[in-house]
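Just so we're on the same page, my numbering is the position in the sequence shown counted from 1, plus 63. Read through the structure below, which is laid out as structure tokens, and then see the notes.
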Amino acid sequence: MNDKPPKLTALCNGVLVGNVYGRSGGLEFIYDEGWRNAPGAYPLSLSMPLAAERHGHDKINAYLWGLLPDNERTLQQYARQFGVSVRSPTGLLEFMGADCAGAVQFVEPERVEKILADPMAAPEIEWLTEAEIARDLKAVRERGSLGAGSRKMGQFSLAGAQPKIALLEEDGRWGRPGGRTPTTRILKPPTGEFVGFAENEHLCLALARALDLGAVQSSVMKFEDEPAIVVQRYDRRLVRGTYHRIHQEDVCQALGMMPMGKYEAEGGPGIRSVIELLRDYSTRPSEDVDRFLGAIALNWIIVGTDGHAKNFALLHAAAGESRLAPFYDITSFLPYAEEPLHRVKLAMRIGREYEVRKIGLSDWKKLAGTAGVPHEELVGRVIAMIDGADQVLDQIESKTIDEGLDADVIHDLVGRIGTRLQVCRGTMAAT
């Protein structure tokens with residue numbers, strides 16, 4: 064019996080999934096029986112399978128925290144803005160959970176009826192001017208969060224450490240959606256700490272796509288004088304003129320782990336854990352493991368130090384289909400590192416090593432054993448990626464400069480990656 068009302072109700076594409084309750088021992092998530100028995104139903108998280116109706120505090124708490132920004136400054140700003148505890152994921156999601164990563168919406172129980180009302184009703188959208196978008200980008204760039212006006216619509220929650228906003232883009236217009244209508248683009252302003260970060264991410268995503276790794280589409284835009292990298296959401300799909308949410312979760316959520324432990328060196332998932340997850344749950348495990356290993360190789364090549372478990376995700380669809388999601392948040396640390404990369408570490412260990420300059424051919428061979436693939440195959444794959452990157456870098460450089468990006472930033476980054484490619488080629492040729 065549930066003698067207390069739920070703290071939050073979970074919806075997926077207008078269907079009741081379950082409720083989050085407060086208990087003496089913490090939180091509990093209870094699936095709705097109709098959802099559990101529905102044809103094609105999928106779990107909220109692989110860590111909370113449909114076979115069990117109830118899931119305890121550790122799993123639902125980790126899942127909810129995984130939906131929130133993992134930036135303490137940003138969380139504190141939102142907690143003050145909404146008048147809730149910064150340590151309460153349900154309190155924060157009460158105001159921010161209407162548009163999360165994946166298909167889920169977490170809403171107050173009293174709002175459920177309104178959101179589940181006539182699905183044919185006109186979508187709630189507050190269309191924005193360029194000046195209003197620039198204002199919001201400036202707010203998250205300077206303060207880490209939007210102002211109080213964000214309480215009325217567009218109550219989004221985006222995980223990750225980098226400040227960002229989510230909006231709906233439709234035929235060149237931009238707006239804050241409400242109700243069932245999802246956001247479709249993520250806008251990330253540059254941070255003062257890392258010069259050229261937006262250009263960096265845009266170019267690295269283009270490189271990943273050129274190497275057939277499957278990465279999100281991005282562009283760099285200016286709203287008045289506020290630049291931002293604009294990323295197309297892969298968890299949204301346009302069907303007959305209406306955007307639908309596609310469910311997803313990051314690797315930490317899928318394994319029931321708190322986002323604070325996203326780095327392997329801090330107890331988070333490593334390469335072996337991700338490969339085991341893909342082999343256990345992916346509908347096409349061989350393809351997804353191959354793509355994942357390609358992403359690991361790319362992060363080593365470009366010195367992508369943020370390739371932790373929260374930057375890999377799985378997409379879930381009806382009838383139990385799960386696939387490794389397109390890659391996102393790919394950046395190179397090369398413009399911000401001192402040569403020769405002393406103490407610069409990757410988020411996941413390759414072989415025996417985290418430190419980029421210490422990773423050698425023997426570590427790639429050891430990783431092949433961990434992954435259960437012939438070492439000749441993995442080494443050959445890495446060498447092919449080095450050669451492939453060398454072949455496409457100039458073309459990507461020209462294209463990004465033609466798009467209006469800062470030429471000096473792009474020249475510097477491409478030059479550093481080009482030099483790094485030669486180092487990587489020498490490493491893989493060692494005997």
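The beta carbon of each residue, even a glycine, is placed where N, CA and C say it ideally should be.
- Counted as a single uninterrupted DSSP element, the stretch harbouring Lys251 is not any alpha helix (DSSP H) but the beta strand (DSSP E) occupying residues 248-251.
- Cys315 sits in a helix when the DSSP states are folded into three classes.
- Close CB contacts of Leu268 within its chain, under the 7 Å cut and outside five residues either way in sequence, are with Ala278, Val279, Ser281, Ile393 (chain order).
- The stretch 404-488 contains, as complete alpha helix (DSSP H) runs of 4+ residues, the segments 424-434, 438-465 (chain order).
- Within the stretch 252-290, the alpha helix (DSSP H) runs of at least 4 residues that lie entirely inside it are, in chain order, 260-273.
- In this structure, Arg303 keeps its C-beta atom at 9 Å or more from the C-beta atom of Thr254.
- In the structure shown, the three-state DSSP call for Phe396 is coil.
- Boundaries of the alpha helix (DSSP H) around Gly97: 96-99.
- Residue environment for Glu339: exposed (fewer than 16 other C-beta atoms within 10 angstroms of its C-beta).
- The Cβ-Cβ distance between Ile359 and Leu270 does not fall below 9 Å.
- By the neighbour-count definition (other C-beta atoms within 10 Å, threshold 16), Gln311 is a buried residue.
- In this chain, the beta strand (DSSP E) harbouring Pro240 covers 236-241.
- Per DSSP, the continuous alpha helix (DSSP H) segment holding Asn362 begins and ends at 348-365.
- In this structure, the CA atom of Val352 is about 11 Å from the CA atom of Asp343.
- DSSP, read as helix, strand or coil, puts Pro152 in helix.
- If you check the CB distance, Asp450 and Gly481 do not come in under 9 Å.
- Taking the Cα of Ser385 as reference, the smallest distance to any Cα among Val175, Asp313, Glu176 is reached at Asp313.
- Shown here, Glu327 sits in a helix according to DSSP, grouped into three states.
- For Leu107, there is no enclosing alpha helix (DSSP H), as DSSP marks it with neither H nor E.
- By the Cβ criterion, the stretch 71-80 is in contact with the stretch 158-176, since at least three pairs of Cβ atoms, one from each stretch, lie closer than 8 Å.
- Of Val149, Val175, Leu424, the smallest CA-CA separation from Ala161 is found for Val175.
- By the C-beta density criterion, Leu301 is exposed, having fewer than 16 other C-beta atoms within 10 angstroms.
- With contacts defined as CB atoms closer than 9 Å, Glu91 and Gly119 qualify as a contacting pair.
- Distance from the CA of Ala447 to the CA of Glu256, rounded to the nearest whole angstrom, comes to 34 Å.
- Under the DSSP assignment, Leu377 falls in the beta strand (DSSP E) whose first and last residues are 376-379.
- Under the DSSP assignment, Ala73 falls in the beta strand (DSSP E) whose first and last residues are 71-75.
- Residue state for Leu179 is assigned as coil, using DSSP reduced to three classes.
- Per DSSP, reduced to three states, the secondary structure at Gln140 is helical.
- Secondary-structure assignment with DSSP links His310 through a beta bridge to His379.
- For Leu424 against Thr490, the beta-carbon gap comes to about 6 Å, under 8 Å, which counts as contact.
- Assignment of Tyr126 by DSSP, reduced to helix, strand and coil, places it in the helix class.
- Under the three-state reduction of DSSP output, Pro172 falls in the helix class.
- Counting along the chain, Arg198 sits inside no beta strand (DSSP E); it lies in the alpha helix (DSSP H) bounded by residues 193-206.
- Here Ser336 really is in contact with Leu318; their C-beta atoms are around 7 Å apart, less than 8 Å.
- Glu135 carries a helical assignment under DSSP once its states are collapsed to helix, strand and coil.
- Annotated three-state conformation of Leu340 is helix, per DSSP.
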